[in-house]
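All remarks here apply to the structure that follows.
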Amino acid sequence: MFRFLPKKISFNDTIEDSEKHLIQLKGVVKAFKTEAGDFLALKNVNLSIGIGEFVGVIGKSGSGKSTLINMITGIDRPTRGEVFVANNPIHRLNENRMAQWRGLNMGIVFQFFQLLPILTVIENVMLPMDFCNLYNPRQRKEKAIQALAMVGIAEQANKLPSQLSGGEQQRVAIARALANDPPIIMADEPTGNLDSKTSAIVFEVFEKLVASGKTIVMVTHDADLAKKVTRTIIIADGKIIEEFLTKTFPALTQSQLVWTTSKLKTLKFAQGSSIINQYEPAENFYIVTKGEADVWVKTKSGKDYHVDHLKRGDYFGGICLIRGCPSLTTVRADSKGALEVATLDKDSFDQFVKVSPATREIIQKTSDQRYQSLYDLIEENNHVDPSLA
Ligand SMILES: Nc1ncnc2c1ncn2[C@@H]1O[C@H](COP(=O)(O)OP(=O)(O)OP(=O)(O)O)[C@@H](O)[C@H]1O
Ligand SMILES: [Mg+2]
């Protein structure tokens, strides 16, 4: 039987791969029962968030942002799939265990601050310590003042929440989230109810927390704030937009990203196996998503030249689709391990470059450069190949 003792995450003993996987969602589906049948708010979400990341979650209203946050905080459970935080299976914890574990390890900030109106500011901040029975009463007070000082409102400690402005109340909520010094902060539109000046102050507090080693996942509608986080996750219609797409093709609009994600298919190739072969017809556009690949060209004399090494986010195959020529090179998964690529078939690729001329231009430019260096290489080696002329 699975036994679980709520305890504070210790990065030394529970995290094996400290770079990755502090938060992991695997195949998460969330269905809500409605009169019209099951509604899928999350559709097979896979996600991995590492220690110290500052993640912004963006997407239209109703896209599934809060549902995603609730899966990670354990406020709600997935219908299918798994959620791990620091290797703890959140989806398997009962509510009591989850609440205790969350109290130790996660600070949660909501859009509507959810402070208790009859308690003073400092009493609100001390609540999580009381709940988890951490520290003695004197220490609790000290810690609460420290947390309030961190968000710049220690002098308001004895007021009631109703005596504070919205921005100040949100800072109290953040101080409460910090009370137990949790390594993870989850915030669902923490600035949704604040003016832009106050939002900037709250955001600065988050930046300081990330600098001090915390991991923050923040839902936001604020496009300016979304630009400042270290990683953006776009969610649309219950699905996470492939992040490599956002990075590789920054000119794509959100709706183009959504469309492209829906057309991408993942293919896996074993170490050393070829994805495309020189002279064979080009049928797909490929983007490397995992692993690395080598690009080879065979000259007329039969000699193989290594011309390029492709990493995550690099793409190939586009120029042949644009020009309508066979493959000029052979691309193989490298010798280090398996390769995963996301592919668009020819029709989808044609549509993809048609709707985003800026993206077409980037692909064209990259490909022209590659074509030129390929040609130079062949010429240099004095083996001019008719197919390249
Ligand atoms: N308890 C529920 N029962 C039925 N449907 C729900 C429930 N909770 C959420 N949904 C639906 O799931 C979808 C995603 O909701 P969610 O609250 O995650 O959206 P969101 O991206 O946070 O939106 P917003 O930006 O408006 O906060 C919506 O269509 C919503 O109507
Ligand atoms: Mg929401």
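Heads up, the sequence shown is in the numbering used here, so the first residue is 1 and it goes up one at a time. Ideal Cβ positions, reconstructed from N, Cα and C, are used throughout, including at glycine.
DSSP places A342 in the strand class (E or B) of the three-state scheme. Rounded to whole angstroms, H21 and I378 show a C-alpha spacing of 44 angstroms. No Cβ-Cβ contact shorter than 9 angstroms links T261 with Y315.
For the set A31, N277 and I233, the Cα lying nearest the Cα of T220 is the one of I233.
Its Cα nearest to that of K247, the residue T230 stands out among G238, F206 and T230. In this structure, the CA atom of V172 is about 21 angstroms from the CA atom of N70.
Around the beta carbon of N96, a 10 Å sphere encloses fewer than 16 other beta carbons of the protein chains shown; the residue is thus reported as exposed. In the structure shown, I241 adopts coil according to DSSP, grouped into three states. The continuous stretches of alpha helix (DSSP H) do not include Q111, and DSSP gives it neither H nor E. Per the coordinates, the alpha-carbon of A236 lies some 41 angstroms from the alpha-carbon of K159.
Within the segment 209 to 269, the complete alpha helix (DSSP H) segments of 4 residues or longer fall at 223 to 228, 243 to 248 and 254 to 263, listed in chain order. Nearest to K60 by C-alpha distance, out of F244, V355, E123 and A41, is A41.
Listed in chain order, the alpha helix (DSSP H) runs fully inside the segment 120 to 174 are 121 to 132 and 137 to 150, counting runs of at least 4 residues.
Residue I23 holds the alpha-carbon nearest to the alpha-carbon of P89 among L321, K141, P128 and I23. L225 and F206 have their C-alpha atoms roughly 11 angstroms apart.
No heavy atom of ligand 2 is found nearer than 8 angstroms to the CB of D76. Any heavy atom of ligand 2 within less than 7 angstroms of a residue's beta carbon puts that residue on the list, which reads K65, S66, D188, E189 and V219. Counted as a single uninterrupted DSSP element, the stretch harbouring K65 is not any beta strand (DSSP E) but the alpha helix (DSSP H) occupying residues K65 to T73.
In the structure shown, N87 falls within a coil segment according to DSSP collapsed to helix, strand and coil. When A223, N193 and T215 are compared, the shortest CA-CA separation from I51 is found for T215. A heavy atom of ligand 1 is found nearer than 8 angstroms to the CB of I235.
Taking a 10 Å sphere around the C-beta of D222, we find 16 or more other C-beta atoms and assign the residue as buried.
Within the segment 280 to 333, the beta strand (DSSP E) runs of at least 3 residues that lie entirely inside it are, in chain order, 284 to 290, 293 to 298, 304 to 310 and 330 to 333. Collapsing the DSSP output to three states places S335 in coil. Contact annotation, I122 with A149: C-beta distance approximately 11 angstroms; criterion of less than 8 angstroms not satisfied. Residue environment for H91: buried (at least 16 other C-beta atoms within 10 angstroms of its C-beta).
Where Q271 is concerned, there is no enclosing alpha helix (DSSP H), because DSSP gives it neither an H nor an E.
When the five nearest sequence neighbours on each side are left out, the beta carbons in the same chain lying within less than 8 angstroms of the beta carbon of T79 are those of V29, K30 and A31, in order along the chain.
The beta carbons of Q278 and K298 sit closer together than 9 angstroms. For the 9 angstroms CB-CB criterion, F285 and G318 form a contact. Residue environment: A282 is assigned as buried (16 or more neighbouring CB atoms within 10 Å of its CB, all protein chains considered).
Note on geometry: alpha-carbon atoms of L164 and M98 lie some 31 angstroms from one another. For ligand 1, no non-hydrogen atom lies closer than 8 angstroms to the CB of F112. In this chain, S373 is not harboured by any beta strand (DSSP E); it is covered by the alpha helix (DSSP H) spanning P357 to E380. Here the distance from the Cβ of F206 to the nearest heavy atom of ligand 1 is not below 8 angstroms. K354 sits away from G291, with the two beta carbons spaced by 9 angstroms or more.
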